[in-house]
Every structure is written in C-alpha cells, then in structure tokens.
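Shown next, in structure tokens, is the structure this report addresses.
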Amino acid sequence: NGRNVNRTKFNMNRIGSKYFCNAAMGRKRVELYYDVLSPYTWYSFEVLMRYKTHWKAEIELKPFLLAGIMKGAGNKPPMMVPNKATYMMNDLKRCSKYFQVPLKMIQDPIETMLVKGSLVPNRFLTTLSIYYPSHLEEASRQFFIELWNKDNDFTTTEAITRVAHAAGLTNKQLVDVQDKMTTNQVKEALKYNTSKALEYGAFGSPTAVTHSGSETQMFFGSDRFPLIAQELGEPWYGPMPEKAKL
Numbered sequence: 001n002g003r004n005v006n007r008t009k010f011n012m013n014r015i016g017s018k019y020f021c022n023a024a025m026g027r028k029r030v031e032l033y034y035d036v037l038s039p040y041t042w043y044s045f046e047v048l049m050r051y052k053t054h055w056k057a058e059i060e061l062k063p064f065l066l067a068g069i070m071k072g073a074g075n076k077p078p079m080m081v082p083n084k085a086t087y088m089m090n091d092l093k094r095c096s097k098y099f100q101v102p103l104k105m106i107q108d109p110i111e112t113m114l115v116k117g118s119l120v121p122n123r124f125l126t127t128l129s130i131y132y133p134s135h136l137e138e139a140s141r142q143f144f145i146e147l148w149n150k151d152n153d154f155t156t157t158e159a160i161t162r163v164a165h166a167a168g169l170t171n172k173q174l175v176d177v178q179d180k181m182t183t184n185q186v187k188e189a190l191k192y193n194t195s196k197a198l199e200y201g202a203f204g205s206p207t208a209v210t211h212s213g214s215e216t217q218m219f220f221g222s223d224r225f226p227l228i229a230q231e232l233g234e235p236w237y238g239p240m241p242e243k244a245k246l
C-alpha cells in the first residue's frame, strides 16, 4: 500500500544519506555485495569476516540477487561455458584448502543454481539486515553451509528454520522474519542492493566495493584481497590472519 511504499522510500533515502555521510567523513569501508548461491563468495565472505579485527575499516554485508546482476550486466553463469565449468570443479577444491573453508561440491549445480535460485535466502537475509542486523553474518554463513557443505536445498522452510536457529534467532523472531520477507520494504531493499551493485559495475558475486577517503573502487572475485588491502591502506596477512606470524 501507499504507506509501505513511502516507508520504503524513506529507508532508501536514509541508506543513501548514511552512504553520503560516511564517504564525506572519509571513513574506510568495505561493502560486500553477495549472493549465498555463489561458491566463491563463501571464501570472500569468510576472509572479510576474519579481517574485521585486523583492519581499521567497517565491513558491511549487502545481500543481492545474483540472477539480477547477471541479467543486468549481460553476463552468463560460468557453468554454461564447458571449459569454465571443468576448471571450476578443480579450482573450488584448491580454494577450499587455501581459504580453509569446508566447501564441498553439490550433486546438481544446474538445478540448484539455475532452477531453484536464491530468491528466498536473499529475502531472508535482507530482512535480517533491516530488522535483526546482528544475526546477518551468522545466517549468511549458515546458508553457505546448508548449500555448499551439506548440499541441502536452502530454499525450503526446513532449511530456513535451521539457519535461523543456528544464527541465534528465537522462534518468535523467525516468525517475524518470515512474515516480513515478502513485504514491499524487503523486496525494494533487495532490489536496491542489486541495482547499487550494478551501478558500481558488478557482473557477478562476490563484489567488494571499497571506500577510502574520496576513492571508491570495485573488486570482483575471492582473490582480490591484496589489492583491497592496498586500496584501504591496511595489511594483508593471507587468508588466515590469526595464524600469520605478525
């Protein structure tokens, strides 16, 4: 209704104002635009979470819809290119070892990624980002685990419930999130993140956007961390900073 639309516009304006104020003050930030459907994104997500205590920069999680990014950028899934698909099967295993993330290959990537998609998980995460932001990080991690470690269908009500409980939500909060997932505010917020990422030049997930002083840079992929650190003027200790010899 009109009230929800006006509230959505207000929230979008508030988000824009926050962006402007942060940039004006020169605070260092990294925005991770991500879709839990993407396996490489799990690597990027975990590394950035590990660096929260090592970088003097805010790290903000921005769920978006990868399908919308691919369509908007005119891109197509790597698995649709035979040589890329073959390469990914081996590369994901190497990356799992390097990044120390327990990713496992799923049985039917075509059905999972191209048919079922990730609208439900991303609406859930977007709802958390608005109403229960302290649970966003762990819920994101649990969605990655559901799909890329356990090979579960993470669009089901059962999976949503497991993710919510693992992320620390109460049953009452879970019901509240499920009620809000299909509201205009949540739909518009997810659409906003997707559109904003496209404005930055995104064409896939993960997409990281750094803000340092007056400089804004976009980085794609899970292997851009040395450059991200350089852009922020922060150290890079490898994917496991806690184990690095500092």
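If you read the sequence shown in the working numbering, its first letter stands for residue 1, the second for the next number, and so on.
Here a beta-carbon is modelled for each residue, glycine too, at the ideal position from N, C-alpha and C.
(message) Rounding to the nearest angstrom, what Cα-Cα distance links residue 166 and residue 144 in this structure?
(response) Stepping through the sequence shown from its first residue, residue 166 is reached at position 166. Stepping through the sequence shown from its first residue, residue 144 is reached at position 144. Each residue's alpha carbon lies about 12 Å from the other.
(message) For residue 197, tell me which candidate among 47, 62, 58, 40 has the shortest Cα-Cα distance.
(response) Here residue 197 corresponds to residue number 197 of the sequence shown, with the count starting at 1. Considering only alpha carbons, the answer is 62.
(request) With DSSP collapsed to three states, give me the class of residue 29. (result) For this step, residue 29 is matched to residue 29 along the sequence shown. Note: residue 29 maps to strand in three-state DSSP.
(message) Closer than 8 Å is the cut-off here; do at least three beta carbon pairs connect the segment 29–48 with the segment 60–78?
(response) yes
(message) I'd like to check one pair, residue 102 with residue 37: are the Cβ atoms closer than 9 Å?
(response) Translated into positions along the sequence shown, residue 37 becomes position 37. Translated into positions along the sequence shown, residue 102 becomes position 102. It is not a contact, given that the beta carbons lie outside the stated cut-off.
(request) For residue 244, count neighbouring Cβ atoms within 10 angstroms of its own Cβ and tell me buried if that reaches 16, exposed if not. (result) Taking the sequence shown and counting its residues from 1, the one referred to as residue 244 is at position 244. Exposed: under 16 other Cβ atoms inside 10 Å.
(request) Report the rounded CA-to-CA distance for residue 220 versus residue 204, giving the unit in angstroms. (result) Here residue 220 is taken as the residue at index 220 of the sequence shown, counted from 1. Here residue 204 is taken as the residue at index 204 of the sequence shown, counted from 1. Taking the straight line from one Cα to the other gives about 7 Å.
(request) To the nearest angstrom, report how far apart residue 93 and residue 161 are at their CA atoms. (result) As a position in the sequence shown, residue 93 is number 93, starting the count at 1. As a position in the sequence shown, residue 161 is number 161, starting the count at 1. Approximately 29 Å between the Cα atoms of the pair.
(message) Could you check whether residue 116 and residue 153 sit closer than 9 Å to each other, using their CB atoms as the reference points?
(response) Mapped onto the sequence shown, residue 153 falls at position 153. Mapped onto the sequence shown, residue 116 falls at position 116. Cβ atoms of residue 153 and residue 116: closer than 9 Å.
(message) Need the endpoints of the alpha helix (DSSP H) that residue 157 sits in, please.
(response) Working through the sequence shown from its first residue, we reach residue 157 at position 157. It spans 157–166 - the alpha helix (DSSP H) in which residue 157 sits, taken as one unbroken run.
(request) Compare the beta carbon distance of residue 194 and residue 69 with 9 Å and say whether it is the shorter of the two. (result) Position 194 of the sequence shown holds residue 194. Position 69 of the sequence shown holds residue 69. Yes, these two residues count as a Cβ contact at 9 Å.
(message) By DSSP's criteria, residue 253 is part of a beta bridge. Which residues make up the other side?
(response) Because the chain is modelled from 1 through 246, residue 253 falls outside the range shown and cannot be assessed.
(request) Evaluate residue 100 with the Cβ neighbour count: other Cβ atoms within 10 Å of its Cβ, from every protein chain shown; 16 or more gives buried, anything less gives exposed. (result) What you label residue 100 is simply residue 100 of the sequence shown in a count that begins at 1. Its Cβ having fewer than 16 others within 10 Å, residue 100 is exposed.
(message) Could you give the first and the last residue of the continuous alpha helix (DSSP H) run that contains residue 227?
(response) For the purposes of this step, residue 227 is identified with residue 227 of the sequence shown, where counting begins at 1. 225–232 is the extent of the alpha helix (DSSP H) around residue 227.
(request) Specify the secondary structure class of residue 76 as computed by DSSP and reduced to three states. (result) The count along the sequence shown starts at 1 and reaches residue 76 at position 76. Note: residue 76 maps to coil in three-state DSSP.
(request) Would you be able to state if there are at least three C-beta pairs under 8 Å between the segment 52–62 and the segment 230–239? (result) yes
(message) Please identify the residue among 222, 215, 107, 84 whose C-alpha is closest to the C-alpha of residue 149.
(response) Here residue 149 refers to the residue found at position 149 when the sequence shown is read from its first residue. Nearest option by C-alpha distance: 107.
(request) Return yes when the Cβ of residue 128 is within less than 9 Å of the Cβ of residue 139, no when it is not. (result) On the sequence shown, position 139 is the one that residue 139 refers to. On the sequence shown, position 128 is the one that residue 128 refers to. Yes, these two residues count as a Cβ contact at 9 Å.
(request) Answer with buried or exposed for residue 47, where buried requires no fewer than 16 other C-beta atoms within 10 angstroms of its C-beta. (result) Working through the sequence shown from its first residue, we reach residue 47 at position 47. Classification for residue 47: buried.
(message) Quick check on the burial criterion: 16 or more other C-beta atoms within 10 angstroms. Buried or exposed for residue 43?
(response) Here the question's residue 43 lines up with position 43 in the sequence shown. Residue 43 comes out buried.
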